[in-house]
Amino acid sequence: MSRRSELKNQLAERYAFQLRLAAAALFVLVLFGILVARFSWLQVMQHARYQTLAEQNRISLVPIVPPRGIIYDRNGVILAHNFSAYTLEITPSKVGPLDDCINRLSKIIDITPKDRRRFKKLMEDTKDFESLPIKTRLNDVEVAKFAANSYQFPGVEVKARLFRQYPLGEVASHLIGYIGRINDADVQDLDDAGELPNYRGTDHIGKVGIEQSYEQELHGTTGFEEVEIDAGGRAIRTLKRTAPTPGKNLVLSVDIKLQQIAEDAFGDRKGALVAIDPKTGGVLAFVSKPGFDPNLFVDGIDPQSWNDLNTSPDKPLNNRALRGTYPPGSTFKPFMALGALEGGYRSANATINDTGAFSFGGHSFRDDKVGGHGIVDMYRSIVVSCDVYYYSLANVMGIDAISKFMGSMDFGSPTGIDINGEVGGVLPSQEWKRKRFRTPATQKWYAGETISIGIGQGYNAYTPLQMAHATATIANSGVMYHPHLVQFIVDGTNGARTQVEPKPEKILPWKQANVDVVKHAMEGVIKEGTGAKAFAGAQYTAAGKTGTAQVYSLKGGKYSESGTKAHLRDHAWFIAYAPAEDPKIALAVLVENGGWGAAAAAPIARQVLDYYLTGKQPTQAASEVESSDSD
Amino acid sequence: MIKEYFRRFIRPIDPWLLLFTFLVFLLSTIVLYSASNQDMDKISDKFTFLGVALCVMWVLASMPLQVLMRLALPMYVFGVLLLIAVALFGSSSHGAKRWLNIGVTKIQPSELMKMALPLMLAWYFHQFEAHLNWKHFISAALMIVLPVGLIMKQPDLGTSLLIAAAGFYVLFFAGLSWKLIGVMVMAGGGLAYVVTHWPLCIHILREYQCQRVATMLDPMQDPLGAGYHIIQGTIAIGSGGMFGKGWLNGTQTHLDFIPERTTDFIFAVFGEEFGLAGNIVLVLLYLMLIGRGLTIANNASTLFGRLLAGSLTLTFFTYAFVNMGMVSGILPVVGVPLPLVSYGGTSMVSLMAAFGILMSVGKDRKLMKV
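Chains as they are written, first to last, in my numbering: chain A, 1 to 631; chain B, 632 to 1001.
If you want it as structure tokens, here you go:
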């Protein structure tokens, strides 16, 4: 190409580009023109309308908070409800010096130091222009006194509000949970879920338990009112009103009387109990001891009480049934036995000779009973809780077969109960150990470790909920239901009940004959074994298994309860279902540092089963019931 | 001697761009003072941002255009790699994966792409200046689709559309066929139609995006939720009238009705307090800036410079248009700040960086003349 035509070409290109620039300029002018036209429309043509709107805007939309759904137990007993009360509220940004204002207020209405502390705590979590309660539940005299003096207190007002109340206090606190004031993290979550607009005007949200996991159902839909307001801020008339939709009511599968008996049975001891209807997965009782009073949280907990709850060595806020993991001890044995039968590792009739210890790799694994139980078959191994039988069984099965079988019953994984925060626990396996530890030496699974797995010790760690779930599965011969706490969701406006349909999670392909062997042996525990003393004179047949889980290994010497520090004492377990021929309830009891399962845990189970099956009320605390002293 | 030094120092600066920028900045400071309830910390922050932004601008303005050309490819590749990294192990917030956690801080690679894509495309077309054909346009379109697709997946519809627009502008200035542009405009219109019709919409966009469009068409559908911004923004602007309620007198502003009033919705404050007159002044200032940018594009000596300057200028326009459009209720609410006015460092610095590049293009021509 000649230099000349190249130049020409460049000129042509230049020209084409300038054409494009002109088009771009036109594009810009047209679009800006549209904008200016829009501004003119808004600011000139529609100015009057928007000016009025801006005036009205000063207060136009007032949200109407829906009443929160009520929580009932299976028999219609109210566990959580709302009541209306007057509260004295301060909007910090409107009152000037805050302390001065509160001091002046306290001359009219009694304001305790606790009220002050709680108010300060609330202020940390909220914005200054929000109105916050300094004192709740005013009586008529207080309301009248304030009304007479209200002119002195701009920014302070008495409001009628709905309050959440838990009439039974500590009972079932861990399962019901509580509501608390919406904090920044809640706002973020609501915003992410697109739920924030529906929470305009709402100060509270479910924090734990049913209150949290069924928040959506309980909350309802916020309504709003368009109110015309004069310059002084007084509402003149309502222009339009969209009614709120009240939250849905919940009917739990829990029997609160049973729950109360179970909680009382624990006395001062720590622990957990979960009782399940094996035919539906409906939870009948869900105990974590000690509990706490959820009413403390409703108006904003004061820092002192919060600190007490948090620093208590008994950890009352810890939901042991849902989140506490413990080795199951001997309650693991029926499951081991079933696994052995199902996998063909050992027949029910095969016997071993228990001489008091099992030797493996130069190490001696001892039995609880000095000298051993002698000749033991599968039935006896469960009835007398023979350790040596299960040492040798675990050795035969190997860790992979054990963890595969136990995994099929949800051991080591969450059961899927309908409250948040459930933990999985630990079902040990070669793979688990590889992931859990860092160095190759610690990652390796040693055959010796399998031995203690067989009696529910070692790395085994499960929640009481999992144990109850697995017991229910045995009771139901392998048909598993997800445990659930809510039975019906009831529409408060029309009373329509939606059942939380019990669907089998899965059906385990067990041979009925194998299940029957284990069930028969668990009945034997109650009739003639380690549970016999606790269940003497029962009017129904029951099946169960005691367990005592070591908190730490003893180096020589026999375990003695009095000689061991309280927090190192063994955990007592008991699992059971009844009636044996047609199970209506399955449960697991754990008494933290309670010592022998037969002595500490089985009497609690007895009282719960007695009440549930015969309506018999306990006459003395389970802790005082005399019982067998061996596992 | 000192005079000579000073002259050399300011030589890369384009006085017109700088002047209009300062005027917009002045207006924005006045508005921010009101919008932030006289928060002097925010005002001083804003000056800090300006200082940093001016330095960035000066550095880029002094940089020879050849250096920018050499940076184009690596910047683009780096940007795409970062976007892939975000898709693989980005950190989520509000349900979107947009950030890359690099220990000390979180970075948003889509910001880098705003600059890198026009650079890359301008450089690419520049390579084939004499014999551009349709194949080059196809490759260029692919270069746009790759990062835009990645950003759309985050999901960040607003940013991905803006970056797509920046890329499209380069194609446009490089001579994309008018017919094709016509087809694309019609396709865009078709898409807009689909988006505004609910049942079809949810298959293509995420639900919240549909919600936004539907809300724009009828804000009263959801007056407390998604419609709230639009309703309050238009009320503020509309109630401003011809000359506004006056500085510091906006009731919408000062009674807390306008959300994000120092950032994305600052224009509502502007419209309320300064009225139509104020809005027109602001639009005119933007128009001056855009006019100056297009002039620089026109005078640029190389195709690279022309394409880059043209694209950056139109992108700047797009930001201004989209923000004012969304606040006044003719476009859906997407998180785009009002250029040079909204409070925020990142936006200020990246805009001034773009001006720095424009100045570098302008200076290039001066050097040629001498």
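Where a beta carbon is used, it is the ideal one built from N, C-alpha and C, also for glycine.
Between the stretch 491–503 of chain A and the stretch 237–252 of chain A, the count of C-beta pairs closer than 8 Å reaches three or more; the two stretches touch.
For A:K120, the closest C-alpha among the options A:G96, A:F405 and A:I102 is that of A:I102.
Sequence-distant partners of B:G877 (beyond 5 residues in either direction) whose C-beta falls short of 8 Å from its own C-beta, in its chain, are E904.
Residue pairing by DSSP places A:D255 in no beta bridge whatsoever.
Straight across, the Cα-Cα distance linking B:E891 with B:I897 is about 7 Å. When secondary structure is reduced to three states using DSSP, B:W730 falls in the strand class.
Along the length of the stretch 566–624 of chain A, whole alpha helix (DSSP H) runs at least 4 residues long occupy 597–600 and 602–614, reported in chain order.
Our two residues, B:P970 and B:V655, have alpha carbons roughly 9 Å apart in a direct line. At least one CB of chain A lies nearer than 7 Å to the CB of B:R937.
Using a CB distance cut-off of 7 Å, A:R20 counts as an interface residue toward chain B.
In the three-state reduction of the DSSP assignment, A:A272 falls in the strand class. Using a Cβ distance threshold of 7 Å, B:A716 and B:L731 count as a contacting pair. Per DSSP, the beta bridge partners of A:K135 are A:L88. The straight-line gap separating the alpha-carbon atoms of B:V690 and B:T652 is approximately 17 Å.
From the listed residues B:Y917, B:A928, B:S791 and B:Y974, the smallest Cα separation to B:F948 is found for B:Y917. Taken through DSSP and simplified to helix, strand or coil, A:F146 comes out as helix.
Neighbours of B:V914 across chain A, judged by C-beta separation under 7 Å: F32, L35 and V36.
Taking each of B:T894, B:A899, B:L879 and B:T884 in turn and checking the Cα distance to B:T865, the smallest one comes out for B:A899. For A:Y481, no CB of chain B lies under 7 Å from its own CB, so it is not counted at the interface with that chain. At least one C-beta of chain B is nearer than 7 Å to the C-beta of A:V28. Note that the stretch 421–437 of chain A does not touch the stretch 215–222 of chain A; fewer than 3 beta-carbon pairs, one per stretch, sit closer than 8 Å. Sequence-distant Cβ neighbours of A:L317 in its own chain, meaning closer than 8 Å and more than five residues away, are F292, L309 and N310. With its beta carbon less than 7 Å from one in chain A, B:L945 belongs to the interface. Secondary structure note for B:G710: its alpha helix (DSSP H) is the uninterrupted segment L696 to F720. A:Q539 counts as exposed, since fewer than 16 other C-beta atoms from the protein chains shown sit within 10 angstroms of its C-beta. A:N514 sits in a helix when the DSSP states are folded into three classes.
Relative to A:H373, the option among A:S364, A:V384, A:Y379 and A:H363 whose CA is nearest is A:V384. DSSP links A:F163 through a beta bridge to A:F83. A:K207 sits in a strand when the DSSP states are folded into three classes. In terms of beta-carbon proximity, B:N910 lines the interface with chain A, with at least one pair separated by less than 7 Å. When DSSP states are grouped into helix, strand and coil, A:E170 belongs to the coil group. By the beta-carbon neighbour count (other beta carbons within 10 angstroms, threshold 16), A:I34 is exposed. The shortest CA-to-CA distance from A:E89 to any of A:A80, A:N82 and A:I109 is the one to A:I109. In chain order, Q18 and L21 make up the part of chain A whose C-beta sits under 7 Å from the C-beta of B:N929. A Cβ-Cβ contact shorter than 7 Å links A:L322 with A:E422. Taken through DSSP and simplified to helix, strand or coil, A:D400 comes out as helix.
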